[in-house]
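Below is one structure, written out as structure tokens, with a few remarks after it.
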Amino acid sequence: MADALTTRGLAVTQLEQLPQVLPTVDPELGAHVHAQLTSHGVEVLTGTAVRQISRAAPGEGGRLRVEAAAADGAAVTRHADLVLVVAGVRPDTSLAADAGATLGIRGAIAVDRGMRTGLPDVYAAGDCVVTHHRLLGETYLPLGTTAHKQGRVAGENALGGDREFAGSLGTQVVKIFDHAAARTGLRDHEATAAGYDPVTIGAEADDHKAYYPGSHRIAMRVTGDRTTGRLLGMQLYGHRHAEIAKRVDIAAAAIYHGMTVDGLSDLDLSYTPPLGSPWDAVQIGGQAWSAAAGHG
Ligand SMILES: Cc1cc2nc3c(=O)[nH]c(=O)nc-3n(C[C@H](O)[C@H](O)[C@H](O)COP(=O)(O)OP(=O)(O)OC[C@H]3O[C@@H](n4cnc5c(N)ncnc54)[C@H](O)[C@@H]3O)c2cc1C
């Protein structure tokens, strides 16, 4: 939204109570996102919690007054014509609950892998249901990609089919002006909490051969299991023309199929200098992980 509103010509201040923006990725990549926002004129205040939004007094500039507190307690005040509150997603499941459906994590409707709610002939899919995660089990992960897959399963089974939702890896990507940030699978602390023995490293590679004009650096975070060598997660940040979304999808496919990090280097990925390298960026990230973790 900071990107969209800035592009629309509005002056944007982004207030974030956590120490970094985009806390769904590691701080190393969050710092890139922060820099990208500020380089396009967005004022970014991290560690700043909004306390109150009130109508501004006449002449204060802007219709609304936003009062916040910085981490050190210092008062922060901004005036604005529009305040966009981004407070997360909560499933509204009262209708299903009243009908007798069982609720699971975060109050989402409990469903089996066939998207059955347990109520006769009632299937559910999307933001209102718990999501099976391939590495974590039951989670709440409201994403459009997930909703489509679950809806297909629910629809097919409602017509007498026998399809199962294979599970999410939380794969996601976001555009920030000229750049993109993406992740799939688990970050280090998530893997630890799930009982894995993770090693996470940072790596960088070019999106295509640097001697060919227009190449971009890609920053990566690679998480794998120290014991088994299995790929658990990958995060990428780079220019929007650096195929960040499709590169995270390579990692998503690899995690889906239980590949090791070392195994990434065996994938027969395409190459021509204007578009790639003999070792793709995700393979270079994998090789950096293998060297650090003593695998492969
Ligand atoms: C700003 C924004 C950006 C997003 N970007 C992405 C993205 O880039 N990638 C991604 O994967 N996901 C994204 N998502 C998430 C994605 O949009 C949702 O996960 C997805 O739309 C969920 O699908 P759904 O069918 O469960 O719910 P919805 O798409 O919300 O559809 C539910 C529908 O049910 C209707 N409805 C609700 N109650 C009733 C009722 N009582 N009677 C009749 N109809 C009712 C609603 O009006 C709505 O049309 C984004 C979400 C938002 C809000």
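In this note's numbering, each residue carries its 1-based index in the sequence shown increased by 5. Just so it is clear, CB atoms sit at the ideal spot from N, CA and C, and this is done for glycine as well.
query, result
"Name the two residues that bound the continuous alpha helix (DSSP H) containing Tyr242.", "From DSSP, Tyr242 is part of no alpha helix (DSSP H) but of the beta strand (DSSP E) over Leu236 to His244."
"Tell me which same chain residues have a C-beta within less than 6 angstroms of the C-beta of Ile249, skipping the five on either side of it?", "Ala185, Ala187, Leu241 and Gly243"
"Determine the DSSP secondary structure at Tyr261, reduced to helix, strand or coil.", "helix"
"Within 10 Å of its beta-carbon, does His37 have 16 or more other beta-carbons around it, so buried, or fewer, so exposed?", "buried"
"Does ligand 1 have a heavy atom nearer than 6 angstroms to the CB of Thr150?", "yes"
"Taking the continuous beta strand (DSSP E) assigned at Lys214, which residues delimit it?", "Segment: none, Lys214 is in no beta strand (DSSP E) and carries neither H nor E."
"In its own chain, which residues sit with a C-beta less than 7 angstroms from the C-beta of Gly67, not counting the 5 before and 5 after it?", "Ala61, His84, Ala85 and Asp86"
"Please list, in chain order, all residues of the same chain as Leu274 whose beta carbon is under 6 angstroms from its beta carbon, the five residues on each side excluded.", "Asp285"
"At a cut-off of 6 angstroms, would you count Asp132 as near ligand 1, judging by its Cβ distance to the nearest heavy atom?", "yes"
"Once DSSP output is grouped into helix, strand and coil, what is the label at Gln25?", "coil"
"For ligand 1, is there a heavy atom less than 6 angstroms away from the beta-carbon of Pro279?", "no"
"So what's Pro336 in DSSP terms, helix, strand or just coil?", "Any question about residue 336 goes unanswered here, given that the chain covers just 6 to 301."
"Across the segment 199-211 and the segment 162-181, are there enough close Cβ pairs to call them in contact, namely three or more that are closer than 8 angstroms?", "no"
"Val17 and Ala7: beta carbons closer than 7 angstroms?", "yes"
"What's the call for Glu21, buried or exposed, on a 16-neighbour Cβ count within 10 Å?", "buried"
"Return the first residue and the last residue of the beta strand (DSSP E) that Thr43 is part of.", "Premise fails: Thr43 lies in the alpha helix (DSSP H), Pro32 to Ser44, not in any beta strand (DSSP E)."
"I think Met239 touches Gly290, with their Cβ atoms under 8 angstroms apart; what is that distance to the nearest whole Å?", "7 angstroms"
"Hey, out of Gly207, Arg192, Leu191 and Pro125, whose CA is closest to Ala163's CA?", "Pro125"
"If you reduce the DSSP assignment to three classes, tell me which class Val287 lands in.", "helix"
"Near Met264, which residues of its chain fall below 6 angstroms by C-beta distance, leaving aside the five closest residues on each side in sequence?", "Leu236"
"Can you tell me which of Ala115, Val90, Ala74 and Leu89 puts its alpha carbon nearest to the alpha carbon of Pro96?", "Ala115"
"Between the Cα of Lys154 and the Cα atoms of Pro283, Val88, Val134 and Leu140, which residue gives the shortest distance?", "Val134"
"Enumerate in chain order the residues of its own chain whose CB-to-CB distance from Glu161 is below 6 angstroms, with the five nearest sequence positions on each side excluded.", "Arg168"
"Helix, strand or coil for Ser100 per DSSP?", "In the sequence as displayed, the identity of residue 100 is Leu instead of Ser. Three-state result, Leu100: helix."
"So, helix, strand or coil for Asp271, using DSSP?", "helix"
"Going by the beta-carbon positions, is the gap between Leu174 and Ala257 smaller than 7 angstroms?", "yes"
"Closest to Arg52 by CA distance: which of Ala79, Tyr145 and Thr228 is it?", "Reading the sequence as shown, one finds Gly at residue 52 and not Arg. That would be Ala79, whose Cα lies nearest to the Cα of Gly52."
"Would the beta-carbon of Pro24 be found less than 6 angstroms away from any heavy atom of ligand 1?", "no"
"Grouping DSSP H, G and I as helix and E and B as strand, with all else coil, what is Ser220?", "coil"
"Could you name the residues of the same chain whose beta carbon sits closer than 6 angstroms to that of Val94, not counting the 5 residues immediately before and after it, in chain order?", "Pro147"
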